[in-house]
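Okay, structure first, notes after.
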RNA sequence: GCGAGCGUAGCCAAGUGGUUAAGGCAGUGGUUUGUGGUACCACCAUCCCGCGGGUUCGAGUCCCGUCGUUCGCC
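Residue numbers (the numbering used here): 24 to 390.
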């Protein structure tokens with residue numbers, strides 16, 4: 024109330040570190056644990072904001088890197104900011120572009136100053152620094168902005184990871200200095216690869232800055248899922264109780280349950296929308312390829328227990344037909360369902376935590 | 001009726017004498033984790049190239065016949 028970014032933990036699980044909380048932002052609350060859909064412009068590519076709101080999504084992700092290239096933060100600013108430009112009235116989080124440097128570009132040069140790499144779009148050189156990333160994110164105007172970090176690949180040697188994490192910490196200082204807008208919360212990002220002592224070092228350095236929220240980054244870059252869990256279990260206890268904790272890029276049902284059990288609050292992942300565009304639906308904890316033969320004459324709803332528009336209106340056979348025909352509507356309908364599915368999954372976990380039945384209901388995912 | 005061409009997997013189609021017959025679509029599975037905008041990977045003609053003969057050490061590939069088909073001429 025006093026601070027636009029307060030976080031309150033409402034219920035703690037008696038058996039695990041899981042917690043149900045509320046994160047306040049200038050554009051509304053985020054009830055955690057929560058899955059946040061992610062997309063280039065947070066429109067998730069094939070879903071309208073109205074459809075997105077219906078999925079139960081509260082906060083959505085937009086992308087600094089892509090918006091910088093197209094249309095450019097200047098235009099977003101002239102439009103009145105990201106919320107107006109894309110017509111999403113709820114909370115928005117922008118990623119810093121650090122991960123895109125790692126994930127999209129082969130030709131890159133990283134030094135203490137920043138990163139230089141070729142745009143995969145047209146080949147021209149792009150220079151990103153902590154200051155530049157924050158300047159762009161200030162212009163975009165999301166509720167939460169992310170520190171510009173260096174995400175080391177997996178596998179990577181200890182030396183490489185250690186260098187990246189120290190650089191990330193030094194960059195965080197510069198991000199904080201560059202940050203001009205108090206109505207945007209700057210989150211720090213824990214790095215350190217799969218080296219737990221480096222992770223701890225990173226987390227301890229970050230919390231010195233007393234930021235409004237913390238993220239664990241550099242996971243789900245190819246390492247085995249057990250290692251993600253190990254990292255989360257080691258780091259979460261070091262993060263302040265009264266700040267939201269965001270596990271970047273995760274993910275799957277199991278990874279979310281395990282991370283929530285360890286005390287994480289927020290998740291984002293391309294899985295629901297990318298899977299949808301590849302004809303896969305998330306149903307009851309499983310992944311189904313709707314183009315498979317067995318769905319051609321299946322005239323039942325995708326998930327009879329799902330309240331989403333897709334499940335309420337169409338059959339598996341019809342979705343299979345749309346996807347086999349590469350009809351654009353197929354991607355939209357399955358995206359709506361998949362996002363709804365993961366958002367509802369985290370909502371059910373939240374409810375279970377509140378009623379003290381988290382372990383009872385979701386314990387089978389915990390190991 | 002005459003002349004010319006063509007007949008290769010469900011569809012389109014390369015190959016014109018020499019081991020296991022390109023490729024595409026369709027089909028059947030799989031992959032996808034802080035999104036390079038519908039991608040990628042695997043499998044998919046084991047007596048088989050319309051059918052029947054022939055030439056040749058060897059024929060989808062050459063020759064003859066036949067059936068089908070396309071175009072042109074009458």
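Even glycine gets a Cβ: it sits at the ideal position worked out from N, Cα and C.
Exposed or buried, what is residue 351 when buried is set at 16 or more other beta-carbons lying within 10 Å of its beta-carbon? Exposed, because fewer than 16 other Cβ atoms sit within 10 Å of the Cβ of residue 351.
Between residue 164 and the rest of its own chain, which residues show a CB-CB distance below 6 Å, the 5 nearest in sequence each way excluded? So the qualifying residues of the chain are 104, 105.
Express the C-alpha separation of residue 135 and residue 274 in angstroms, rounding to a whole number. Going by C-alpha positions, residue 274 is about 31 Å away from residue 135.
Whether residue 160 touches residue 192 by CB criterion (8 Å): In this structure, residue 192 does not lie closer than 8 Å to residue 160 by Cβ.
Mind checking whether residue 267 and residue 241 have CB atoms under 8 Å apart? Contact: no.
Cβ neighbours of residue 276 in the same chain (closer than 7 Å, five flanking residues each side left out): Closer than 7 Å at the Cβ level, and outside the excluded window around residue 276, lie 308, 368, 388.
Could you pull out every unbroken beta strand (DSSP E) segment of at least 3 residues lying fully inside the segment 279–360, listed in chain order? Taking only runs of at least 3 residues, the beta strand (DSSP E) segments lying wholly in the segment 279–360 are 289–292, 303–306, 309–312.
Other residues of its chain near residue 150: CB distance less than 8 Å, five sequence neighbours each side excluded: Around residue 150: 137, 138, 139.
Which of helix, strand or coil does DSSP assign to residue 384? DSSP places residue 384 in helix when its eight states are reduced to three.
Three-state class that DSSP yields for residue 150 in the structure shown: The DSSP-derived three-state label of residue 150 is strand.
Residue interval of the alpha helix (DSSP H) (run including residue 191): For residue 191, the uninterrupted alpha helix (DSSP H) segment begins and ends at 181–201.
Assign residue 72 to one of three DSSP states: helix, strand, or coil. If DSSP states are grouped into helix, strand and coil, residue 72 belongs with the helices.
Just verifying my parser: in three-state terms, what is the DSSP assignment at residue 220? In this structure, residue 220 counts as helix in the three-state DSSP scheme.
Residue from 233, 167, 190 with nearest C-alpha to residue 175: Checked all of 233, 167, 190; the closest Cα to residue 175 is 190.
On a Cα-Cα basis, can you pick out the residue from 38, 37, 53 that is closest to residue 44? Restricting attention to 38, 37, 53, the CA atom closest to the CA of residue 44 is found in 53.
Residue 371 - DSSP class collapsed to helix/strand/coil: Here residue 371 sits in helix by DSSP.
For residue 8, which residues in the same chain have their Cβ closer than 6 Å to its Cβ, ignoring the five residues on either side in sequence? The chain is shown only over 24 to 390; residue 8 falls outside these bounds and no answer can be derived.
Figure out for me which residue from 246, 169, 288 has the closest Cα to the Cα of residue 88. The option with the nearest alpha carbon to residue 88 is 169.
Quick one: measure Cβ to Cβ for residue 29 and residue 47, integer angstroms, because I've assumed they're closer than 8 Å. Going by Cβ atoms, the distance from residue 29 to residue 47 rounds to 5 Å, so yes, they are a contact pair.
How do the segment 324–334 and the segment 347–364 stand: do at least 3 beta-carbon pairs fall below 8 Å, yes or no? Under the 8 Å Cβ criterion, the segment 324–334 counts as touching the segment 347–364, having at least three qualifying pairs.
Taking its Cβ as the centre, do 16 or more other Cβ atoms sit within 10 Å of residue 291, making it buried, or is it exposed? With 16 or more other Cβ atoms within 10 Å, it is buried.
Helix, strand or coil for residue 237 per DSSP? Strand.
If we ignore side chains and look at the alpha-carbon of each, how far apart do residue 297 and residue 126 end up? For residue 297 and residue 126, the distance between alpha carbons rounds to 16 Å.
Which same chain residues end up closer than 7 Å to residue 199 when comparing Cβ atoms and leaving out the 5 residues on each side of it in sequence? 209, 232, listed in sequence order.
Helix, strand or coil for residue 170, going by three-state DSSP, please let me know. In the displayed model, residue 170 falls within coil according to three-state DSSP, outside both helix and strand.
How many whole angstroms separate the CB atoms of residue 319 and residue 343, which I take to be in contact at a CB cut-off of 8 Å? Indeed they touch by this definition, with Cβ atoms about 6 Å apart.
Measuring CB to CB, does residue 239 end up less than 8 Å from residue 271? Residue 239 places its beta carbon less than 8 Å from that of residue 271.
What does DSSP give as the partner residue(s) for residue 362 in the beta ladder? According to DSSP, residue 362 bridges with nothing at all.
Looking at C-alpha atoms only, which residue of 317, 316, 370, 306 is the closest neighbour of residue 325? Here the closest residue by C-alpha is 306.
For residue 122, does the three-state DSSP call read helix, strand or coil? Assigned with DSSP and collapsed to three states, residue 122 falls in helix.
Within the continuous alpha helix (DSSP H) that includes residue 249, where are the two ends? Residue 249 -> alpha helix (DSSP H) spans 248–258.
How long is the line joining the alpha carbons of residue 321 and residue 74, rounded to whole angstroms? For residue 321 and residue 74, the distance between alpha carbons rounds to 25 Å.
Please list, in chain order, all residues of the same chain as residue 24 whose beta carbon is under 8 Å from its beta carbon, the five residues on each side excluded. Per-residue confidence for residue 24 stands at a pLDDT of 45, beneath the threshold of 50, marking its modelled position as unreliable; the derived number appears in the next sentence. So the qualifying residues of the chain are 47.
Can you tell me whether residue 24 is helix, strand or coil according to DSSP? Its pLDDT being 45, under 50, residue 24 is placed unreliably by the model, and nothing is read from it.
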